[in-house]
Amino acid sequence: MIIKEGLCIGCGNCVLICPTNAIKMIQNKAIINDDLCVECNVCYRNAKCPVKAIRPKRLKWPRLVRNPFSDVVSIHKLTGVP
Numbered sequence: 001m002i003i004k005e006g007l008c009i010g011c012g013n014c015v016l017i018c019p020t021n022a023i024k025m026i027q028n029k030a031i032i033n034d035d036l037c038v039e040c041n042v043c044y045r046n047a048k049c050p051v052k053a054i055r056p057k058r059l060k061w062p063r064l065v066r067n068p069f070s071d072v073v074s075i076h077k078l079t080g081v082p
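Following UniProt numbering, the numbering of the sequence shown begins with 1 at its first residue and continues without gaps.
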């Protein structure tokens, strides 16, 4: 996930909903710790970001493999299995 810093207004909705505590507020802006983020997309789908600053990013190996296992509504592109 990425948070577009220029758009973030510091509401903190994403911080409250992140199940791995990967999002922190630093100087009133949300920052994602990539080492803690498991690509579950909970922040993207459920945080209700008022300015839509949270976006999925194009994943590369090995993070590409992690996404189908951590995002319960993700469909694996090779198997078609959710």
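Every residue, glycine too, gets a C-beta built ideally from N, C-alpha and C.
Less than 8 Å between the CB atoms is what I'm expecting for residue i and residue j, so what's the real figure, rounded?
i	j	result
MET1	VAL15	Contact doesn't hold; Cβ gap of about 13 Å is too wide.
ILE23	CYS43	6 Å
PRO56	ASN41	6 Å
GLU39	ARG58	Not really, about 11 Å apart at Cβ, beyond 8 Å.
How would you write the range of the alpha helix (DSSP H) that residue i sits in, first residue to last?
i	result
VAL9	Rather than Val, the amino acid found at residue 9 in this sequence is Ile. Taken as a continuous stretch (DSSP letters only), ILE9 belongs to no alpha helix (DSSP H), as it is neither H nor E.
In angstroms, rounded to a whole number, what distance separates the CA positions of residue i and residue j?
i	j	result
ASP35	CYS11	23 Å
ASN13	ALA47	5 Å
GLY6	GLN27	13 Å
VAL51	ILE3	11 Å
ILE32	LYS60	17 Å
Need the endpoints of the beta strand (DSSP E) that residue i sits in, please.
i	result
MET25	23–26
Identify every run of the alpha helix (DSSP H) within the UniProt domain "4Fe-4S ferredoxin-type" (29–59), keeping only runs that are complete inside it and at least 4 residues long; order them along the chain. With a minimum length of 4 residues, the continuous alpha helix (DSSP H) runs that stay inside the UniProt domain "4Fe-4S ferredoxin-type" (29–59) are 42–46.
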